[in-house]
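Residues 40 to 294, numbered by our numbering, are exactly what the sequence shown covers, in order. For each residue, glycine too, the CB sits at the ideal point set by N, CA and C. Working notes, structure below.
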Amino acid sequence: MIDKQVPDAATAVGDIGEGASIAVGGFGLSGNPMGLIEALHARGVGGLSIVSNNCGVDDWGLGILLGSGRIRKMTSSYVGENKEFERQFLSGELEVELTPQGTLAEKLRAGGAGIAAFFTPTGVGTQVAEGGLPQRYDGSGGVAQASAAKEVRTFMVAGREREFVLEEAIVTDYALVHAAVGDRHGNLVFNKAARNFNPLAAMAGRVCIAQVERLVEPGEIDADRVHLPGIYVHRVVEVGPGIEKRIERRTVKEA
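Written as structure tokens, this is what we have:
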């Protein structure tokens with residue numbers, strides 16, 4: 040379908056069902072697709088497996104899904120400012136696959152590019168490669184589930200041998216992303232820091248749903264300004280420029 044606009048966020052996420060896997064853009068609270076997250080929360084589905092850099096905060100971002108017990112597993116790079124994330128993880132309610140941030144980004148990009156796996160030096164000599172990293176606790180301080188060991192190989196790089204760990208790509212059922220501008224063909228432009236995990240999450244989803252602050256006609260976006268081509272995007276919903284944008288942590292200097 041060439042015209043990918045849908046009328047509202049509820050329609051956009053209307054077929055996301057119980058147990059779906061979803062890649063979600065954003066870094067901290069920057070670039071969170073809040074309209075889509077809220078619409079998904081309203082649907083009431085749970086058992087979700089979410090791939091995102093972090094899980095928002097207790098009352099914003101993915102934190103609203105987490106707080107309602109909708110998320111079964113998080114694949115992310117850090118816990119961040121979310122106390123409920125920490126509580127659910129340590130209590131054994133939530134499975135967490137902690138992944139180095141750059142590795143997580145590349146796993147998403149590789150999934151979108153059709154690359155099954157790749158070797159990286161990140162994590163060599165640690166539990167990331169050797170296994171044993173807690174993924175689920177038993178609620179009593181013990182580890183109920185730990186990560187498995189990964190393949191490590193030696194390659195000659197720049198005239199010397201180095202070890203690299205094999206990381207598998209990530210492909211999810213859906214992707215939810217936020218962009219500043221999009222057209223009806225799905226071409227997207229991200230604004231500053233919101234161009235974080237959003238393009239990568241979009242690539243990894245079999246069905247990518249984008250909320251945009253401003254929807255324009257095809258051809259209005261200069262081709263050189265397109266950050267993500269419409270080939271990766273399946274649905275576009277306009278949420279307007281007046282949406283609430285929160286800051287995770289604000290530090291100010293006293294006058």
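Alpha carbon of residue i to alpha carbon of residue j, nearest angstrom
i: Y213; j: E293; result: 44 Å
i: A49; j: Q250; result: 11 Å
i: V167; j: Q184; result: 14 Å
i: E145; j: T138; result: 11 Å
i: H273; j: V52; result: 12 Å
i: A152; j: G225; result: 18 Å
i: S60; j: V45; result: 21 Å
i: E252; j: M242; result: 20 Å
i: N93; j: C247; result: 19 Å
i: G83; j: D54; result: 12 Å
i: V276; j: D47; result: 6 Å
i: G64; j: R201; result: 32 Å
i: R175; j: V291; result: 37 Å
i: H42; j: G269; result: Inspection of the sequence shows that residue 42 is occupied by Asp rather than by His. In a straight line, the C-alpha of D42 is about 10 Å away from that of G269.
i: G209; j: K189; result: The sequence as given places Ile at residue 209; Gly does not occur at that position. Each residue's Cα considered, the two are about 16 Å apart.
i: G131; j: R289; result: 31 Å
i: L75; j: V278; result: 9 Å
i: F229; j: A62; result: 17 Å
i: V182; j: L129; result: 9 Å
i: G95; j: S107; result: 14 Å
Closest by C-alpha distance to residue i, when choosing among the options
i: E134; options: E120, G164, L172, V167; result: L172
i: A81; options: S60, R109, A62; result: R109
i: A240; options: L75, L79, T193, Y271; result: Y271
i: R223; options: P257, G178, V63; result: P257
i: A232; options: F194, F66, I55; result: F66
i: N235; options: S186, V191, L147; result: L147
i: V163; options: G180, L143, T193; result: T193
i: P280; options: A197, G244, V220; result: V220
i: L143; options: L75, T161, P268, G131; result: T161
Bridge-paired residues (DSSP) for residue i
i: I282; result: Bridge partners of I282: none, in fact.
i: D54; result: Bridge partners of D54: none, in fact.
i: T114; result: V90, E136
i: R264; result: R264 is not bridged to any residue.
i: E207; result: A156
i: P173; result: A185
i: F66; result: S69
i: D222; result: V255
Rounded Cβ spacing between residue i and residue j (contact assumed at less than 8 Å)
i: L105; j: Q127; result: 7 Å
i: L227; j: L267; result: 4 Å
Within-9 Å CB hit, residue i to chain D
i: G180; result: Structure shown: chain D not included; a single protein chain is present.
beta-carbon residue i near the ligand PLP non-hydrogen atom, thresh 8 Å
i: V182; result: Among the ligands in the structure shown, none appear at all, so the ligand PLP cannot be discussed.
Note to self: Across the region 68 to 88 and the region 107 to 126, are there enough close Cβ pairs to call them in contact, namely three or more that are closer than 8 Å?
What the structure shows: yes
Margin query: So, does the region 117 to 125 touch the region 204 to 223, judging by three or more C-beta pairs under 8 Å?
Written below: no
Checklist line | Touch test, the region 96 to 103 against the region 256 to 264, Cβ-Cβ under 8 Å, three pairs minimum | finding: no
Notebook entry, point to check: Is there contact between the region 64 to 82 and the region 278 to 288, where contact requires at least three CB pairs shorter than 8 Å?
Noted result: yes
Margin query: Under 8 Å: do the region 193 to 209 and the region 156 to 163 share three or more Cβ pairs, one atom per stretch?
Written below: yes
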